[in-house]
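K.L.:
When the count follows our numbering, it moves up by one through the sequence shown with no breaks and lands on 157 for the last residue.
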Amino acid sequence: MKNKLFNGRFELALRILLVLGQKESASLDKLLAFDFITTYASSFNLSKDNLHGDNTFNYSEVASRRAMMDKGISLLRMYNLIDINYSDQNGYEYRLTSLGRSIERQIDDQYAIEYRQVLSNVIGKYSQFSSKKLMKLIDSNLMKELEQVDGILY
Numbered sequence: 004m005k006n007k008l009f010n011g012r013f014e015l016a017l018r019i020l021l022v023l024g025q026k027e028s029a030s031l032d033k034l035l036a037f038d039f040i041t042t043y044a045s046s047f048n049l050s051k052d053n054l055h056g057d058n059t060f061n062y063s064e065v066a067s068r069r070a071m072m073d074k075g076i077s078l079l080r081m082y083n084l085i086d087i088n089y090s091d092q093n094g095y096e097y098r099l100t101s102l103g104r105s106i107e108r109q110i111d112d113q114y115a116i117e118y119r120q121v122l123s124n125v126i127g128k129y130s131q132f133s134s135k136k137l138m139k140l141i142d143s144n145l146m147k148e149l150e151q152v153d154g155i156l157y
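1. Return the CA-CA distance between N93 and S30, expressed in angstroms with no decimal places.
2. Since F23 is in the alpha helix (DSSP H), which residue starts that stretch and which ends it?
3. Within this structure, are the beta carbons of I141 and G75 separated by less than 8 Å?
4. Could you tell me which uninterrupted beta strand (DSSP E) segments, each at least 3 residues in length, are contained entirely in the stretch 69-130, listed from first to last along the chain?
5. Please report the distance separating the alpha-carbon of Y97 from that of N88.
Written out as structure tokens, the structure is:
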């Protein structure tokens, strides 16, 4: 079995707790986008460094991260750390339970501190974006980076 340093279901579950600690509720797509932009914030001009380091293939993680995020959500729901709510306006959204909030507050290692700082910038800049607009932002950022690489190669 592959050991996924940053993007296993447990690691994503912890980051989902961190996102929902700052954002009252969020859909799967918003959780994915906020997490991706936070971990690669330098690529979005929101931080000096990427939390997961520089990676030429970081955008290829989006699809696999989505699947693993589903598993992280299932893990959190199994332990009653998040609830799911549905509204006609926003669709399905996740939010912390009181137990989830208590656990989230206890996550205080250096990575979590840095993640929260960057996440605060991400949410401050993009919280009003729809899920669709956030995914378009990620796609357009990918295209810009590919154009830069293409310019270097030719």
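For each residue, glycine too, the CB sits at the ideal point set by N, CA and C.
P.N.:
Let me spell this out:
1. Those two C-alpha atoms are separated by around 8 Å.
2. Reading off the sequence, residue 23 comes out as Leu, not Phe. Unbroken alpha helix (DSSP H) run through L23: 12-25.
3. no
4. 85-90, 94-99
5. 6 Å
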